[in-house]
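**Q**
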Amino acid sequence: IGNVLLDEKQLLRIKQNNNVFLLGVKDYNELPGYMNNIDIFILPYIPSLVTSPATKVYDYMATGKPVVSTNLVEMDQFSKLIKIAGSDEEFLNHIRSCLNENNPELRYERKQIAIQNSWKSRVQEILDLISVTKKAINN
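Counting from 1, position 76 in the sequence shown corresponds to residue 82 in the numbering used here; the numbering is continuous, with no gaps.
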């Protein structure tokens, strides 16, 4: 789901797989329906081209399902919860191993990280900081 940034040769190679679907951009409200039917989430970014954190990792972890990422600096904090690949071969090996993952504790931990990083949680942190600052100013 999303923009496909592949050259024609890469695109043809991927389309040969009957279990990979390139669906293009979808409306945000449609995503939960798609996410329920995905076995493994991937973040196949080219590390040298990424200029901002891959915030969709939280959406992926909210499902509890396995996530495989390229070696993005900001993914290091999740190294116990997701698979991080340093090469194409390692990326594929991680995908293969995730197909057999059956770890309820890991699913639970991923969901907890997503909850802690939800927009609701972040807004609450900001509101708490404002409240503490107001009290400090008034004292």
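Backbone N, C-alpha and C define an ideal beta-carbon position, used for all residues, glycine too.
All values derive from a computational prediction rather than experimental measurement.
1) Grab me the residues of G92's own chain with a C-beta within less than 7 Å of its C-beta, minus the 5 sequence neighbours each way, in chain order.
2) Excluding sequence positions up to five away, which residues of its chain have a Cβ less than 6 Å from the Cβ of L49?
3) Please classify A120 as buried or exposed, where buried requires at least 16 neighbouring CB atoms within 10 angstroms.
4) Between which two residues does the beta strand (DSSP E) holding K89 run?
5) At 4 residues or longer, what runs of the alpha helix (DSSP H) sit wholly inside the region 68-135?
6) Kindly indicate which residue of V79, D65, I136 has the alpha-carbon position closest to the one of L55.
**A** Straight from the coordinates:
1) N77
2) A60, S75
3) buried
4) 89-91
5) Listed in chain order, they are 94-105, 110-122.
6) V79
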